[in-house]
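Asks:
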Amino acid sequence: MIPLRYLTSYVDDNSRVNMILGDDQRPLRGDSSILLAPKIKLSSGYEMPVLGFGTYKLSGFQCLSAVHCAVETGFRHFDTAYSYENEKDVGDALRTQIKMGNISRENIFLTTKLWNTHHDPRDVRRICEQQLKLLGFNYIDLYLLHFPVGYKNMCDEILKPISEGKLQTSDVDYIDTWKAMEELVKLGLVRSIGLSNFNMEQVQRIIQCSSSKPVVNQVEIWPGFLQKDLVDYCHYNGIVVTAYSPLGQPNRENHRPTYFFSEGMRRLVTKYKKTSVQIVLRFLVDYGVVPIPKLANPFQISQSLNIFDFKLDDTDTRALLGIKSKKRIVKYDLAKDHPFYPFEREDES
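The UniProt record's numbering numbers the first residue of the sequence shown as 1 and each following residue consecutively.
1) Kindly examine the ligand ZN and report whether one of its heavy atoms sits closer than 7 angstroms to the Cβ of S302.
2) Give me, in chain order, the residues of the same chain whose beta-carbon lies closer than 8 angstroms to that of I158; leave out the 5 immediate sequence neighbours on both sides.
3) Please classify K324 as buried or exposed, where buried requires at least 16 neighbouring CB atoms within 10 angstroms.
4) What's the C-alpha gap between S65 and L114?
5) Note the first and the last residue of the continuous alpha helix (DSSP H) segment covering R122.
6) Measuring straight from C-alpha to C-alpha, what distance separates L28 and N102?
7) Buried or exposed: where does M181 fall if 16 or more other Cβ atoms within 10 Å of its Cβ makes it buried?
8) Compute the Euclidean distance between the alpha carbons of P121 and L320, then round it to the nearest angstrom.
9) Thinking just about the alpha-carbon of each residue, which of N254, Q204, K57, T258 is nearest to the one in F225?
10) Indicate whether V285 and V50 have their beta-carbon atoms separated by less than 8 angstroms.
11) Go ahead and pull the three-state DSSP assignment for L58.
12) Return helix, strand or coil for Q218, following the three-state DSSP convention.
13) Any contact between the segment 71 to 85 and the segment 288 to 304? By contact I mean 3 or more CB pairs, one from each, below 8 angstroms.
14) From what residue to what residue does the beta strand (DSSP E) around F343 run?
15) Beta strand (DSSP E) containing A243: first to last residue?
16) Using a 10 Å radius around the Cβ and a threshold of 16 neighbouring Cβ atoms, would you call C128 buried or exposed?
17) R318 to P246, Cα distance in whole Å?
18) For the putative contact between T73 and S302, defined by C-beta atoms under 8 angstroms, what is the C-beta separation to the nearest angstrom?
19) Can you check which of these residues, F75, S43, I40, K41, is closest to P298 by C-alpha distance?
20) Could you round the C-beta distance between V240 and M48 to whole angstroms and report it? I think they count as a contact, below 8 angstroms.
21) Give me whichever residues DSSP pairs with M48 in a beta bridge.
22) Does V280 pass the burial test, meaning 16 or more other C-beta atoms within 10 Å, or should it be called exposed?
23) Measuring CB atoms only, is the segment 146 to 156 touching the segment 197 to 208, in the sense that at least three cross pairs come out at less than 8 angstroms?
24) Is residue 352 buried or exposed, if buried means 16 or more other CB atoms sit within 10 Å of its CB?
25) Apply the 10 Å Cβ neighbour rule to P339 and answer buried if 16 or more other Cβ atoms are within range, or exposed otherwise.
26) I need the boundaries of the alpha helix (DSSP H) containing R95, first residue and last residue.
27) Sorted by chain position, which residues of the same chain lie with C-beta nearer than 7 angstroms to N86's C-beta, five sequence neighbours on each side aside?
28) Going along the chain, which residues of its own chain have a beta-carbon closer than 6 angstroms to the beta-carbon of C234, five neighbours each way excluded?
29) For L135, I'd like the list of residues in its chain whose CB is within less than 6 angstroms of its CB, leaving aside the five on either flank, ordered along the chain.
30) Excluding the 5 residues preceding and the 5 following M265 in the sequence, name in chain order all residues of the same chain whose CB lies nearer than 8 angstroms to its CB.
31) Hey, I140 and L110 are a contact pair by Cβ (cut 8 angstroms); roughly how many whole angstroms apart?
32) Could you compute how far the alpha carbon of V185 sits from the alpha carbon of L268?
33) Quick one: using the 10 Å Cβ neighbour count with 16 as the cut-off for buried, is Y287 buried or exposed?
34) Cβ of T169 within 8 angstroms of Cβ of A335?
35) Per DSSP, what kind of secondary structure is V290 in: helix, strand or coil?
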């Protein structure tokens, strides 16, 4: 569970926000207020809401409308990436909401990522400035090194350079990339820097070989794939863990992942009078990670922030913790032969 000393209440524009202060205390929602997520303090000194809005595979009108809906619902933490090719859409929607007076830039926590084709330290500042132009802002709250494996840079538009059916990777050391990212903080282009898809050994190497620790490691986490050792290690080192694919990418056609459509989940839905999405997000926040679900349905967006007025009891928490371990969903298989590949390989599992 995220320690209470890291959670802070705050005021967003004219909205009054209440945070979880203990097991029996609930955040209240006034007639004219929007329910907002509590914040956790990063090691850089900045604060990040403990629930974010993911934008992977959202583009065009769908992305614009989803971000507008998310802001109006109360989301203030938004996650995008160069490789999602939607930074302009996300930025346009957020800036429109600012112009409408619904939010201020200071109350937005915006995360984006340095893509694999830009690991060369000479590219880092250039591409970050390009991303800032796409977003339409003059700083990024959190800038993540998206993956430890670098790809060859053919041009900025080619995200996966393939030649003769094989991914063209680079031998750039992510330590050198990280040190170039540290300069972005000194320049004021980004406020905090972190990692994504890094394993425990790679996080440790970053800590040992650089002058600043990552504030975040964003990795795949969902019930059945909780990566407890990695989460515990990051927490021990003061690194916040952000959970992507926090629901396990539910697919109703084949009822995967199994837990999401199980009889046990239906029992929890009935018991707590909450949706399965709300139950999983609440569980993950209490597990001590920051989930960033990608939601496009306006109803789900409007419901997903409403998770701070209930708490799973110990029996139900243990049941979700005890779900049989599953395999990861996001694998980056094309890069599995690179020495910096961070995941278990099929022949090793």
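Glycine residues also receive a C-beta, built at the ideal position from the N, C-alpha and C atoms.
Replies: Let me lay it out:
1) With respect to small molecules bound, the structure shown includes none, and the ligand ZN cannot be examined in it.
2) T117
3) exposed
4) 25 angstroms
5) 121 to 135
6) Per-residue confidence for L28 stands at a pLDDT of 34, beneath the threshold of 50, marking its modelled position as unreliable; the derived number appears in the next sentence. Roughly 20 angstroms between the two C-alpha positions.
7) buried
8) 42 angstroms
9) T258
10) yes
11) coil
12) strand
13) yes
14) Element bounds for F343: n/a, residue is neither H nor E.
15) 240 to 244
16) buried
17) 18 angstroms
18) 5 angstroms
19) F75
20) 7 angstroms
21) I40
22) buried
23) yes
24) Since the first residue shown for the chain is 1 and the last is 349, residue 352 is missing from the structure and cannot be characterised.
25) exposed
26) 87 to 99
27) T55, L58, S59, C63, T80
28) N217, V241
29) E87, G91
30) Y259, S276, I279
31) 6 angstroms
32) 44 angstroms
33) buried
34) yes
35) strand
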